[in-house]
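Engineer: In terms of this note's numbering, the sequence shown is residues -4 to 221.
Take a look at this one; I'll ask things after.
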Amino acid sequence: MDRLCPGRQTRWDRCDFLLNPPRDTACDYWIVFAGSRERDRMHCAPENTLFIAGEPPSKKIYPENFYRQFHRVVSSHAADPHPRVTPSAPGLNWHVGLSREADRYQYGYDELNRLAPPAKSNKISVVCSNLTTTPGQRQRLALLDHLKAALGDAIVHYGRGFTPISDKMDAILPHRFHLVLENSCSPDYWTEKLSDAYLGWAYPIYAGCPNIGDYFPAAGFTAVDV
């Protein structure tokens, strides 16, 4: 968490962030992100409680009695049964700079803030493994086979089973363009797959959230329908 904030501190301006504090901790705001501890309790004003849904509706739907615990909900689920839903992406943290070998961030907030645009190849990188378990995985690989046949070595394919990388930044920073293939095509749901491209100074060719133009200017990406 400290690498995601300025100065490597779990503090931003006047806000101190406590990540998974002990049960019954007193706090001004309590924010619960999807996939947190199964049972928890904090001392907090009820009107300052917030839940952030981390998955699109195709993967996870929360029951109404669960939502009742929170004063406000941030979610991409258009039909969520809560009177105060803010439609928005979940704000997943970036993966560029996260070394899988070292299990730590090599590019935190400060490093990314200082990162200058490098010299780049005029190629399109993509990160996609060779997994074929789901229909979506098979469709993505079929799409990449088609693109490689049409564009040749202009497509640089990284991921398990192709060109291996420990850090996603190694796949994005050297190239001018990055093909972003989301796992879901749901309104108001986009992930670090897109923010990683921006943080690596790459222009995204994007397939995913249909209203991504509500979040980023149209000149900042090219949307494709796959």
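Backbone N, C-alpha and C fix where the C-beta goes; we use that ideal spot for every residue, glycine too.
Keep in mind it's a predicted model, so treat the numbers as computed, not measured.
1. Check the DSSP bridge columns for Tyr100 and list the partner residues they point to.
2. Check this for me: beta carbons of Leu93 and Lys163, under 9 Å apart or not?
3. Whole angstroms are fine: how far does the CA of Tyr24 sit from the CA of His38?
4. So, helix, strand or coil for Phe61, using DSSP?
5. Would you list the one or two residues that DSSP bridges to Ser120?
6. With H, G and I counted as helix, E and B as strand and the rest as coil, what does DSSP make of Ile207?
7. Does the pairing of the segment 51 to 58 with the segment 13 to 23 give three or more beta-carbon distances under 8 Å?
8. Out of His141, Gly203, Gly208, Asp98, which has the shortest C-alpha to C-alpha gap to Cys180?
9. Just reading off the alpha helix (DSSP H) that Ala267 is part of, what are its end residues?
10. From Phe157 to Leu174, what does the alpha carbon distance come to, in whole angstroms?
11. Kindly provide the ranges of any alpha helix (DSSP H) runs that are 4 or more residues long and lie completely inside the segment 30 to 87, ordered along the chain.
12. Do Leu110 and Leu194 have their C-beta atoms closer together than 9 Å?
13. Going by C-alpha to C-alpha distance, which of Ser31, Arg32, Pro52, Val68 sits closest to Asn43?
14. In this structure, how does DSSP classify Ala111 when only helix, strand and coil are distinguished?
15. Opposite Thr217 in the DSSP bridges: which residues?
16. Would you call Val151 buried or exposed, if buried means 16 or more other Cβ atoms sit within 10 Å of its Cβ?
17. Reducing DSSP to helix, strand and coil, say where Arg18 ends up.
18. Taking the alpha carbon of Gln64 as the point to measure from, which residue in Ser71, His77, Pro113 has its own alpha carbon closest?
Structural biologist: This is what the structure gives:
1. Looking at the DSSP assignment, Tyr100 forms a beta bridge with Leu93.
2. With contacts defined as CB atoms closer than 9 Å, Leu93 and Lys163 qualify as a contacting pair.
3. In a straight line, the C-alpha of His38 is about 9 Å away from that of Tyr24.
4. If DSSP states are grouped into helix, strand and coil, Phe61 belongs with the helices.
5. Beta-bridge pairing links Ser120 to Val151, His173.
6. In the three-state scheme derived from DSSP, where H, G and I count as helix and E and B as strand, Ile207 is classed as helix.
7. Look at the beta carbons and you see the segment 51 to 58 not touching the segment 13 to 23: under three pairs across the two are nearer than 8 Å.
8. Distances from the CA of Cys180 to each of His141, Gly203, Gly208, Asp98 were compared; the closest alpha carbon is that of Gly203.
9. Here the chain has residues from -4 to 221 only, and residue 267 is not among them.
10. In a straight line, the C-alpha of Phe157 is about 15 Å away from that of Leu174.
11. Entirely contained in the segment 30 to 87, the alpha helix (DSSP H) runs reaching 4 residues are, in chain order, 59 to 62.
12. By the CB criterion at 9 Å, Leu110 and Leu194 fall inside the cutoff.
13. Distance check between Asn43 and each of Ser31, Arg32, Pro52, Val68 places Val68 closest, using alpha-carbon atoms only.
14. Coil at Ala111, not helix or strand.
15. Looking at the DSSP assignment, Thr217 forms a beta bridge with Ile200.
16. Under this definition Val151 is a buried residue.
17. Arg18 falls in the coil class under three-state DSSP.
18. Nearest in C-alpha terms to Gln64, of all of Ser71, His77, Pro113, is His77.
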